[in-house]
Every structure is written in structure tokens, then in C-alpha cells.
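**Student:** Sequential numbering of the sequence shown, starting at 21, is according to my numbering.
Glycine residues also receive a C-beta, built at the ideal position from the N, C-alpha and C atoms.
Please find one structure pasted underneath; my questions will follow.
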Amino acid sequence: MADWAPSDLQVERERFRRRRSLTRGAVAGASTLVVLVGLVVLMVRAPGWERVSAAYFDLAYAREVLPDLARAFVLNVKLFLVAEALILVVALLVAVIRIVPSPAMAPLRLIAIVYTDVFRGTPTLLVIFLVCFGLPALQLQGIPTDIFWLGVIALTLSYGAYVAEVLRAGIASVHPSQWAAGRSLGLGYTQTLRHIVLPQALRRVLPPLINDFVSLQKDTALVATAGLVEVLREAQINASRDFNFTPYVVAALFFIVMTVPLARFADWLALRQVRREQGA
21 MADWAPSDLQ VERERFRRRR SLTRGAVAGA STLVVLVGLV VLMVRAPGWE
71 RVSAAYFDLA YAREVLPDLA RAFVLNVKLF LVAEALILVV ALLVAVIRIV
121 PSPAMAPLRL IAIVYTDVFR GTPTLLVIFL VCFGLPALQL QGIPTDIFWL
171 GVIALTLSYG AYVAEVLRAG IASVHPSQWA AGRSLGLGYT QTLRHIVLPQ
221 ALRRVLPPLI NDFVSLQKDT ALVATAGLVE VLREAQINAS RDFNFTPYVV
271 AALFFIVMTV PLARFADWLA LRQVRREQGA
């Protein structure tokens, strides 16, 4: 059997697609470069640029405070990683409780509904205040007094409600035939949920989950309001000591470097999901 070869029409079509992709990429790159250069020129030529440059973009001062801010940012990363793991556990538990049809679960379902409604409707900053200052005031045994762990609890309670709704939406998006298929194979409700429904639901909600965790990474800075010396608080200390706002810019760059790759990864996952659904 002769090897298959594309037709001349197919070859020409592929060449046209490559030329079109290159042309679009060149136009997009050129237009982006023109806009960025225009913005830089406009900013540099502004009357107050020298004062802004000295107050926000002092490179010598940035190098001076960089080590302290880097050490403080490690605390943000630890806070993010610990809270993220706990959020996934809490959110999955709440989402499962809300979808279980058993009448015996009604009290727990009511608690889960109240939890998601209250903490989604309460600003994260207010939750941090209530947890970090309210829980220690109760003077109960076993409640941590360390600001780091109180911040973890506050972020977990706040973001757990958001992520729980994302997971619940993903589980609800799985077609009922998948539940029926699992039960027809002799699997119980829990087994069907674990082996058939949850894997499909998690694939569908992975992009919005990553977007939530991008927001979580930024909101770790809110714990500074409770006294935790993380990167934002360290920047504030340095800025108020020397009356120069460059540390804030350096702190912002730390967050940008951390969150932009996560955001692009979320976009790539969303695009892959669309292509998979379209059979591309």
C-alpha cells in the first residue's frame, strides 16, 4: 500500500494558514510595540516624571531593600501554599455536602449553605479582622494565637466559600448519565462520585480554580493589616522610614512574577478545554 500524501490543495491550504498566522503575529507584535513605546514616551515626557521617578523607581534604593522584601515574600508564599491546601479540602467537603441528596444530610446542608452565603458576602479584609482579633479574644483552648495561622484560617474561610461554589458548579455540570452509568456498574453513590463524576468536574473547573488561587496569592498581603510582617508590611516599613515608595513597586513586582505565570496557565487550560470539547 502506498503511503498517504496530502493533496496539492491541502498543502496550499496549510501554507496559507502558516502565512496568515505569521502575518497576524507580526501585526500584533508591531502594534503592541508601538503602543508600549508611546506610553513610555508619554510618561517620560510628563512634567512630574522626575519626581515620580525619584519617589517610585529609585534603582539604587530598590537594590538596597530587595533582600528584606524577598525574605518577607517567602512568608507570603508559605501563607498561600498552606491556605491553598486547606481551601481545597474545605471547599470539596462543602461542595459534596451540598449535592448529597440524603435527607439525613439536611442539617449539614443548611450549615454549608449558610457558610457559603455568609463568607462570600463578607469582604476578605473583614474576615481577617474578625478571625485575627476575635478568635484570640475568646481565650479558648486549642485556638492558635500566631498571626500566621490566624491568617491561614481567615483566608481558608473566605476563599473556601468561593472555591466550594466553583466545585459544586463543576459537579453539577457533569451529565446525569454519568451518575447512571456508575450506578449501573454496581458502584455506590460515593464510589460514583469519586471515580467518575469528580475527575470530570475537576477538569472542567480547573481554569476558574487557578484564577481563584491567583486572587488568593494577592490577598495574602491583606494579612499585613493584622500585624504579619509579610512583603507588603515590609515595604510599608521601608517606605515610611525613608519616605520613598520604591519598596511598594518592588513588592508589586514580586506578586506580578508569581501571579502572571498562573494566569497564563489558566488561559492555556481554558483554551485546551474548549479545543477538547470541539474535538480539535
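#1: In angstroms, rounded to a whole number, what distance separates the CA positions of residue 105 and residue 248?
#2: Quick one: Cα of residue 167 to Cα of residue 124, how far?
#3: Going by the CB atoms, is the gap between residue 102 and residue 177 shorter than 9 angstroms?
#4: Within 10 angstroms of the Cβ of residue 58, are there 16 or more other Cβ atoms? Answer buried if so, exposed if not.
#5: Tell me, to the nearest whole angstrom, how far the beta carbon of residue 115 is from that of residue 216; I am working on the premise that it is less than 8 angstroms.
#6: Based on Cα-Cα distance, which residue from 181, 107 and 96 lies nearest to residue 244?
#7: Going along the chain, which unbroken runs of the alpha helix (DSSP H) with 4 or more residues stay wholly within the region 129 to 169?
#8: Find out if the Cβ-Cβ distance for the pair residue 275, residue 89 is shorter than 9 angstroms.
#9: Measuring only the C-alpha atoms, how far is residue 292 from residue 153?
#10: Is the separation between the beta-carbon of residue 136 and that of residue 184 shorter than 9 angstroms?
#11: Let me check understanding here. Comparing Cα to Cα, which of 161, 175, 50 and 28 lies closest to residue 246?
#12: Does the region 258 to 273 come close enough to the region 68 to 82 to have 3 or more Cβ pairs within less than 8 angstroms?
#13: Determine the burial state of residue 36: buried for a count of at least 16 other Cβ atoms within 10 Å of its Cβ, exposed for fewer.
#14: Might you give, ordered along the chain, the residues of its own chain that have their beta carbon closer than 7 angstroms to the beta carbon of residue 203, omitting 5 neighbours on each side?
#15: Use the C-beta contact count for residue 159: other C-beta atoms within 10 angstroms, 16 or more gives buried, fewer gives exposed.
#16: Enumerate in chain order the residues of its own chain whose CB-to-CB distance from residue 165 is below 6 angstroms, with the five nearest sequence positions on each side excluded.
#17: Roughly how many angstroms separate the alpha carbons of residue 271 and residue 287, rounded to a whole number?
#18: For residue 219 versus residue 290, is the C-beta distance shorter than 9 angstroms?
#19: So for residue 68, helix, strand or coil by DSSP?
#20: Hey, would you say residue 232 sits closer than 9 angstroms to residue 186, going by beta carbons?
#21: May I ask which residues mark the beginning and end of the alpha helix (DSSP H) holding residue 205?
#22: Cα separation between residue 21 and residue 34?
#23: Between residue 75 and the rest of its own chain, which residues show a CB-CB distance below 7 angstroms, the 5 nearest in sequence each way excluded?
**Tutor:** Inspection of the coordinates gives the following:
#1: As a working note, residue 105 is residue 85 in the sequence shown. As a working note, residue 248 is residue 228 in the sequence shown. Those two C-alpha atoms are separated by around 20 angstroms.
#2: As a position in the sequence shown, residue 167 is number 147, starting the count at 1. As a position in the sequence shown, residue 124 is number 104, starting the count at 1. Their Cα atoms are separated by approximately 38 angstroms.
#3: For the purposes of this step, residue 177 is taken as residue 157 along the sequence shown, with counting starting at 1. For the purposes of this step, residue 102 is taken as residue 82 along the sequence shown, with counting starting at 1. Not a contact, by the Cβ cut-off of 9 angstroms.
#4: One-based indexing of the sequence shown puts residue 58 at position 38. Answer is exposed; the Cβ neighbour count stays below 16.
#5: As a working mapping, residue 115 is identified with position 95 in the sequence shown. As a working mapping, residue 216 is identified with position 196 in the sequence shown. In fact, because the Cβ distance is near 16 angstroms, the residues do not count as touching under 8 angstroms.
#6: One-based indexing of the sequence shown puts residue 244 at position 224. The shortest Cα separation from residue 244 among 181, 107 and 96 belongs to 96.
#7: 144 to 149 and 155 to 158
#8: What you label residue 275 is simply residue 255 of the sequence shown in a count that begins at 1. What you label residue 89 is simply residue 69 of the sequence shown in a count that begins at 1. Not closer than 9 angstroms, so no.
#9: Walking along the sequence shown from the start, residue 292 turns up at place 272. Walking along the sequence shown from the start, residue 153 turns up at place 133. If you take the alpha carbons of residue 292 and residue 153, they lie about 44 angstroms apart.
#10: Against the sequence shown, residue 136 aligns to sequence position 116. Against the sequence shown, residue 184 aligns to sequence position 164. Yes, Cβ-Cβ distance for residue 136 and residue 184 is below 9 angstroms.
#11: Against the sequence shown, residue 246 aligns to sequence position 226. When 161, 175, 50 and 28 are compared, the shortest CA-CA separation from residue 246 is found for 175.
#12: yes
#13: Here residue 36 refers to the residue found at position 16 of the sequence shown. Classification of residue 36: exposed, given that the 10 Å Cβ count is below 16.
#14: Stepping through the sequence shown from its first residue, residue 203 is reached at position 183. Non-local beta-carbon contacts of residue 203 in its own chain, meaning distances under 7 angstroms to residues more than five positions away in sequence, involve 212 in chain order.
#15: By one-based count along the sequence shown, residue 159 stands at place 139. Under this definition residue 159 is an exposed residue.
#16: The residue you call residue 165 lines up with position 145 of the sequence shown. Here the set comprises 156.
#17: Within the sequence shown, the letter at position 251 stands for residue 271. Within the sequence shown, the letter at position 267 stands for residue 287. So the alpha carbons of these two residues sit roughly 25 angstroms apart.
#18: Walking along the sequence shown from the start, residue 219 turns up at place 199. Walking along the sequence shown from the start, residue 290 turns up at place 270. Not closer than 9 angstroms, so no.
#19: On the sequence shown, residue 68 is found 48 positions in, with the first residue counted as 1. Three-state result, residue 68: coil.
#20: Along the sequence shown, one-based indexing puts residue 232 at 212. Along the sequence shown, one-based indexing puts residue 186 at 166. The Cβ atoms of residue 232 and residue 186 sit closer than 9 angstroms to each other.
#21: Along the sequence shown, read from residue 1 onward, the residue named residue 205 stands at position 185. Run containing residue 205: none; DSSP gives neither H nor E here.
#22: Locating residue 21 in the sequence shown gives position 1, where the first residue counts as 1. Locating residue 34 in the sequence shown gives position 14, where the first residue counts as 1. Its pLDDT being 48, under 50, residue 21 is placed unreliably by the model, and nothing is read from it.
#23: In the sequence shown, counting from the first residue as 1, residue 75 sits at position 55. For residue 75, where only same-chain residues beyond five positions count, the Cβ hits under 7 angstroms are 264 and 265.
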